[in-house]
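Notes to accompany the following structure.
Numbering (the working numbering), first residue to last: 92 to 236.
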């Protein structure tokens, strides 16, 4: 069974609707019970639009479509986006700066503070140089912490 309807702009992925790339708003709705096995892929169908679609073009159009999401350019040029993000983006930078400057980041992740990398006893970089006694060197380095 073929059903036809009129007028819409883009494909709605939640319906059976298909829109021709050149039809300027013409919508062709095909029932899901419709089978393409009767035609070759190069047969022209939908003569009501100019240029007519082939079966292959119809199948390609029906598989593609819009998710209904706004484009990135549309989002970042909206006033609502900048009202929200003019507060949140600086807040994130301030929160990160406070996280590091208060020392909480060093405590949470267990990394040494900048003045704790080298102690009075250990001024060199802790490198393992012995091939046959690495465990002893690791124990020696860990005792110096």
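Every residue gets a Cβ at the ideal spot worked out from N, C-alpha and C, and that includes glycine.
Spatial distance of residue i from residue j (CA atoms)
i	j	result
residue 164	residue 178	20 angstroms
residue 192	residue 186	10 angstroms
residue 224	residue 189	43 angstroms
residue 167	residue 230	55 angstroms
residue 218	residue 199	26 angstroms
Residue i - DSSP class collapsed to helix/strand/coil
i	result
residue 179	helix
residue 222	coil
residue 185	helix
residue 166	helix
residue 208	coil
residue 202	coil
Beta carbon of residue i nearer than 9 angstroms to that of residue j
i	j	result
residue 220	residue 228	yes
Reference residue i, options the options, closest by Cα
i	options	result
residue 208	181, 159, 232, 172	232
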